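Trainee: I have a structure here, written as structure tokens, and I will follow up with some questions on it.
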Amino acid sequence: MAETDKLNIDSIIARLLEGDIHGQYYDLLRLFEYGGFPPESNYLFLGDYVDRGKQSLETICLLLAYKIKYPENFFLLRGNHECASINRIYGFYEECKRRYNIKLWKTFTDCFNCLPVAAIVDEKIFCCHGGLSPDLQSMEQIRRIPRPTDVPDQGLLCDLLWSDPDKGLPCDLLWSDPDKDTMGWGENDRGVSFTFGAEVVAKFLHKHDFDLICRAHQILKANKYTVILAKQANMLIEETNARNCVDNVNFTWTVFTNQIFRPDFFTGSSGKYPVPKIEKQWHHLVLKVVLPVLDEKLDLKVHKKKGVNVKSGERSETSRSVTKCCGLARRSTRIVGGVETEVREYPWQAGLVSAGDSWIWCGGTVINDRYVLTAAHCTVGRSADRLEVLLGEHAMFLADGERRVAVAAVTEHPRYRSVDTTGYDFSLLRLAQQLDFGALGGRVAPACLPTGGEFVGVEAIVSGWGTTSAGGPQPDALHEVTVRTQSNAQCSAAYRQINPSMLCAAVSGGGKDACQGDSGGPLVTEVAGRYSLIGVVSWGIGCARPDYPGVYARVTAAADWIRHNTADASLC
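Read in order, the letters of the sequence shown correspond to residues 1 to 572 in UniProt numbering.
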């Protein structure tokens with residue numbers, strides 16, 4: 001609250017003005033890496049820090065931390081997504097609720113209600129998230145906007161966060177020339193605020209003696225320069241394409257005192273970053289531009305569990321014919337047991353998500369080119385049109401080549417009883433499109449299905465995105481645990497309700513097991529050099545508690561039901 005609502009930023013040698021980040025945390029880090037970490041460079045962000053992207057919490061926390069640490073070098077404006085009614089719908093609320101609690105979301109709402117909404121750079125550049133307002137007659141009006149405040153449905157504050165340039169102006173550049181087709185105010189297709197044309201821009205700049213209007217708020221096409229509203233030409237903005245966020249755009253201005261330079265647009269696919277061209281050379285200055293989003297994979301730092309030594313044990317033999325394409329894993333040579341998997345290590349692993357979301361709340365297993373097998377308790381009460389499956393996924397908070405597939409139908413085992421979640425905890429998800437395993441290049445492939453065998457005392461692997469400890473946080477990346485299966489007689493010492501449709505597995509002494517969020521995921525064991533799906537994560541008491549093994553739905557108990565309900569599919 002120490003800052004006035006209209007920030008007056010003193011002249012400095014260089015400054016970077018940033019557009020919508022939208023939870024793209026790794027893009028933000030790259031921006032700082034190449035633009036200079038504060039306080040090396042001074043930043044003004046134009047809002048929309050949360051929603052849509054997968055790591056809004058990390059993004060806004062880092063930005064606020066820099067604001068606290070460097071209050072004279074780091075400035076944050078409010079965007080239309082820094083509003084409870086918007087981020088309640090577009091992802092931030094769900095991220096806070098899923099990862100922490102609703103109280104945290106409310107705390108951020110209180111913080112957002114205090115953010116300023118406009119800034120003036122060097123007394124010549126007017127900056128806001130959205131655009132101009134017909135109610136804006138003087139800068140003093142902005143100063144008088146009370147804070148904290150929510151965003152109203154109309155009026156000055158609403159327009160500063162929501163208004164757009166009229167579509168009648170050129171799509172690449174918006175110049176304030178008086179001869180453009182669209183001149184005044186118009187209706188906004190968003191249903192909120194207005195659009196404004198060239199005449200509005202010209203009058204505003206002349207009245208307040210500004211040279212430039214800097215805004216964010218709109219999605220841009222690839223290889224296009226973003227909107228700029230100015231008195232004269234040769235003033236452009238470099239943009240980056242945030243591919244994780246429905247092709248939304250984060251863009252950057254590099255502003256030097258009395259000069260605005262034009263960097264050439266470049267893509268990250270080439271891996272080369274040419275020196276930008278400068279409209280007016282100042283040889284004593286260094287132009288810093290922000291890297292576009294790269295196609296290459298970014299590494300995630302994930303806390304790993306301590307390993308457990310794996311000893312080779314005897315495998316139960318099964319009378320089965322092994323096909324050529326199922327059960328092939330890219331196993332690493334390291335010790336496993338509660339650690340992050342390698343990318344593409346288990347190509348049959350699937351993740352269940354709500355339509356349009358990316359949070360994986362249950363696992364599953366690809367068993368052929370049409371079906372994913374999961375737990376019935378993951379799908380009971382959910383309609384197929386609200387479900388999607390992520391295939392080839394590794395890190396939830398990173399676009400790493402995963403494929404999102406809609407679900408056409410859900411078939412739960414007829415003997416499943418959802419009240420107490422006892423036997424036959426199986427559900428088949430029929431995918432809306434057939435999988436072409438060859439075209440997927442090994443990133444997605446089915447696990448083998450066993451035709452018989454008890455699988456007692458064998459080492460097996462359970463994988464998923466569930467919490468790594470009871471009540472603990474959910475990891476970002478796919479994890480695996482090596483366990484040993486038990487006989488049902490041994491498991492009955494812990495659970496009275498064990499029946500032939502169940503399979504138990506644990507680590508001696510506890511400490512390793514499937515946990516919350518792993519439900520529906522695969523329990524596989526190696527048979528004749530290939531991995532067979534022998535269990536589906538079902539239930540248990542706590543997570544990895546001594547004397548309480550994890551309980552899995554035994555796949556061989558539902559073999560006939562699976563074959564009957566997947567007759568329209570092919571394994572390879």
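Using N, Cα and C, we set each Cβ at its ideal position, and we do this for glycine too.
Values in this document were obtained by computation on a predicted structure and should not be read as measured data.
1. What span of residues does the beta strand (DSSP E) with Tyr-427 cover, start to end?
2. Among Phe-108, Gly-364, Asp-211, which has the Cα closest to the Cα of Val-405?
3. Quick one, which of Phe-112, Leu-31, Ser-532 has its alpha-carbon nearest Pro-349's?
4. Have a look at Leu-503, Pro-347, Leu-29 and flag the residue whose alpha-carbon is nearest the alpha-carbon of Leu-478.
5. Between which two residues does the beta strand (DSSP E) harbouring Arg-404 extend?
6. Would you mind stating whether Val-372 and Leu-429 have Cβ atoms separated by less than 8 Å?
7. Quick check: what's the CA-CA separation for Leu-236 versus Cys-214?
8. Please classify Gln-137 as buried or exposed, where buried requires at least 16 other C-beta atoms within 10 Å of its C-beta.
9. Indicate the three-state DSSP secondary structure (helix, strand or coil) for Gly-35 in the structure shown.
10. For Tyr-25, which residues in the same chain have their Cβ closer than 6 Å to its Cβ, ignoring the five residues on either side in sequence?
11. On a Cα-Cα basis, can you pick out the residue from Met-502, Thr-525, Lys-69 that is closest to residue 580?
12. Between Asp-150 and Leu-115, what straight-line distance do the alpha-carbon atoms span, to the nearest angstrom?
13. With which residues is Asn-73 paired in a DSSP beta bridge?
14. Using the Cα positions of Gly-381 and Thr-109, report the straight-line distance between them to the nearest angstrom.
15. Report the residue from Cys-378, Leu-44, Arg-403, Arg-386 whose alpha carbon sits nearest the alpha carbon of Arg-417.
16. Between Ser-519 and Ala-557, what straight-line distance do the alpha-carbon atoms span, to the nearest angstrom?
17. Is it true that the stretch 430-441 meets the stretch 449-465, where meeting means three or more beta-carbon pairs spaced less than 8 Å apart?
18. Mapping DSSP to helix, strand and coil, what is Ala-118?
19. Where does Asp-177 sit, in a helix, a strand or coil, going by DSSP?
20. What number of angstroms, rounded off, separates the C-alpha of Ser-570 from the C-alpha of Gly-535?
21. Buried or exposed for Thr-566, going by 16 or more other Cβ atoms inside 10 Å?
22. Quick one: using the 10 Å Cβ neighbour count with 16 as the cut-off for buried, is Gly-442 buried or exposed?
23. Buried or exposed for Phe-37, going by 16 or more other Cβ atoms inside 10 Å?
24. Could you tell me which of Ala-375, Arg-147, Leu-205 sits nearest to Gly-521, measuring between CA atoms?
25. DSSP on Thr-556, reduced to helix/strand/coil?
26. With a threshold of 16 other CB atoms inside 10 Å of the CB of His-394, please say whether the residue is buried or exposed.
27. So, is Thr-107 buried or exposed, given that buried needs 16 or more other C-beta atoms within 10 angstroms?
28. Which same chain residues, not among the five before or five after Lys-221, have their C-beta less than 6 Å away from its C-beta?
29. Between which two residues does the alpha helix (DSSP H) harbouring Ile-102 extend?
30. Roughly how many whole angstroms lie between the Cα atoms of Pro-414 and Ile-461?
31. Rounded to the nearest angstrom, how far is the Cβ of Glu-82 from that of Tyr-49, given a contact under 8 Å?
32. If we ignore side chains and look at the alpha-carbon of each, how far apart do Ala-489 and Tyr-552 end up?
33. Can the beta-carbon of Leu-328 be found less than 8 Å from the beta-carbon of Ala-445?
34. How should Glu-33 be labelled, buried or exposed, when 16 other C-beta atoms within 10 angstroms of its C-beta is the threshold for buried?
35. Quick check on DSSP: helix, strand or coil for Val-343?
36. Round the Cβ separation of Ala-119 and Leu-77 to the nearest angstrom and send it over; I've been treating them as touching at under 8 Å.
Mentor: According to the data block:
1. What you label residue 427 is simply residue 427 of the sequence shown in a count that begins at 1. The sequence given here places Ser at residue 427; Tyr does not occur at that position. Counting along the chain, the beta strand (DSSP E) containing Ser-427 begins and ends at 427-431.
2. Against the sequence shown, residue 405 aligns to sequence position 405. Closest by alpha carbon: Gly-364.
3. Numbered from its first residue, the sequence shown carries residue 349 at position 349. Here residue 349 turns out to be Gln, not Pro, going by the sequence shown. Checked all of Phe-112, Leu-31, Ser-532; the closest Cα to Gln-349 is Ser-532.
4. Mapped onto the sequence shown, residue 478 falls at position 478. Relative to the Cα of Leu-478, the nearest Cα in the group Leu-503, Pro-347, Leu-29 belongs to Pro-347.
5. One-based indexing of the sequence shown puts residue 404 at position 404. Run containing Arg-404: 403-412, per the beta strand (DSSP E) assignment.
6. Within the sequence shown, residue 372 is the residue found at index 372, counting from 1. Within the sequence shown, residue 429 is the residue found at index 429, counting from 1. Yes. Within cutoff.
7. Stepping through the sequence shown from its first residue, residue 236 is reached at position 236. Stepping through the sequence shown from its first residue, residue 214 is reached at position 214. A caution first: Leu-236 carries a pLDDT of 31, below 50, which makes its placement in the model unreliable, though a value can still be read off. Rounded to the nearest angstrom, the gap between the Cα atoms of Leu-236 and Cys-214 is 11 Å.
8. Indexing the sequence shown from 1 puts residue 137 at position 137. By the neighbour-count rule (16 or more Cβ atoms within 10 Å), Gln-137 is not buried but exposed.
9. Within the sequence shown, the letter at position 35 stands for residue 35. Here Gly-35 sits in helix by DSSP.
10. As a working note, residue 25 is residue 25 in the sequence shown. Within the same chain, Gln-55, Glu-58, Thr-59 come within 6 Å of Tyr-25 by CB-CB distance, once the 5 residues on both sides are set aside.
11. In the structure as shown, the chain begins at 1 and stops at 572. Residue 580 is therefore absent and cannot be evaluated.
12. Looking up residue 150 in the sequence shown gives position 150. Looking up residue 115 in the sequence shown gives position 115. Computed Cα separation, rounded: 10 Å.
13. Sequence index remark: in the sequence shown, residue 73 carries index 73 (1-based). Its beta-bridge partners do not exist; DSSP assigns none.
14. Here the question's residue 381 lines up with position 381 in the sequence shown. Here the question's residue 109 lines up with position 109 in the sequence shown. In a straight line, the C-alpha of Gly-381 is about 32 Å away from that of Thr-109.
15. Locating residue 417 in the sequence shown gives position 417, counting from the first residue. The shortest C-alpha separation from Arg-417 is found at Cys-378.
16. Locating residue 519 in the sequence shown gives position 519, counting from the first residue. Locating residue 557 in the sequence shown gives position 557, counting from the first residue. Each residue's alpha carbon lies about 18 Å from the other.
17. no
18. Residue mapping note: residue 118 aligns to position 118 of the sequence shown, counting from 1. Here Ala-118 sits in strand by DSSP.
19. Here residue 177 refers to the residue found at position 177 when the sequence shown is read from its first residue. Confidence at Asp-177 is low in this model, with a pLDDT of 27, below 50, so the placement of that residue should be treated as unreliable; the coordinate-derived value is given next. Of the three classes helix, strand and coil, the one that applies to Asp-177 here is coil, per DSSP.
20. Here residue 570 refers to the residue found at position 570 of the sequence shown. Here residue 535 refers to the residue found at position 535 of the sequence shown. If you draw a straight line from the Cα of Ser-570 to the Cα of Gly-535, it comes to about 21 Å.
21. The sequence position of residue 566 within the sequence shown is 566, counting from 1. Counting Cβ neighbours within 10 Å, Thr-566 comes out buried, since at least 16 surround it.
22. Position 442 of the sequence shown, counted from the first residue, corresponds to residue 442. The residue in question, Gly-442, is exposed, as its Cβ has fewer than 16 Cβ neighbours within 10 Å.
23. Counting from one through the sequence shown, the residue named residue 37 turns up at place 37. Taking a 10 Å sphere around the C-beta of Phe-37, we find fewer than 16 other C-beta atoms and assign the residue as exposed.
24. Counting from 1 along the sequence shown, the entry for residue 521 is found at position 521. That would be Ala-375, whose Cα lies nearest to the Cα of Gly-521.
25. As a first step, residue 556 must be located in the sequence shown, where it is residue number 556. The answer is helix: DSSP assigns Thr-556 an H, G or I state.
26. The sequence position of residue 394 within the sequence shown is 394, counting from 1. Its Cβ being crowded by 16 or more others within 10 Å, His-394 is buried.
27. Against the sequence shown, residue 107 aligns to sequence position 107. Answer is exposed; the Cβ neighbour count stays below 16.
28. In the sequence shown, counting from the first residue as 1, residue 221 sits at position 221. Any reading at Lys-221 must be qualified, since the residue scores a pLDDT of 45, below 50, and its modelled position is unreliable; no value is offered.
29. Your numbering for residue 102 matches position 102 in the sequence shown. Counting along the chain, the alpha helix (DSSP H) containing Ile-102 begins and ends at 102-112.
30. Position 414 of the sequence shown, counted from the first residue, corresponds to residue 414. Position 461 of the sequence shown, counted from the first residue, corresponds to residue 461. For Pro-414 and Ile-461, the distance between alpha carbons rounds to 27 Å.
31. Numbered from 1 along the sequence shown, position 82 holds the residue referred to as residue 82. Numbered from 1 along the sequence shown, position 49 holds the residue referred to as residue 49. Going by Cβ atoms, the distance from Glu-82 to Tyr-49 rounds to 7 Å, so yes, they are a contact pair.
32. Position 489 of the sequence shown holds residue 489. Position 552 of the sequence shown holds residue 552. Roughly 15 Å between the two C-alpha positions.
33. Along the sequence shown, one-based indexing puts residue 328 at 328. Along the sequence shown, one-based indexing puts residue 445 at 445. Result yes, Cβ atoms of Leu-328 and Ala-445 sit closer than 8 Å.
34. Counting from one through the sequence shown, the residue named residue 33 turns up at place 33. Exposed, because fewer than 16 other Cβ atoms sit within 10 Å of the Cβ of Glu-33.
35. Start at 1 with the first residue of the sequence shown, and residue 343 comes out as number 343. Val-343: coil per DSSP, three-state reduction.
36. In the sequence shown, the residue the question calls residue 119 occupies position 119. In the sequence shown, the residue the question calls residue 77 occupies position 77. Right, the Cβ-Cβ distance comes to about 6 Å (below 8 Å), so this counts as a contact.
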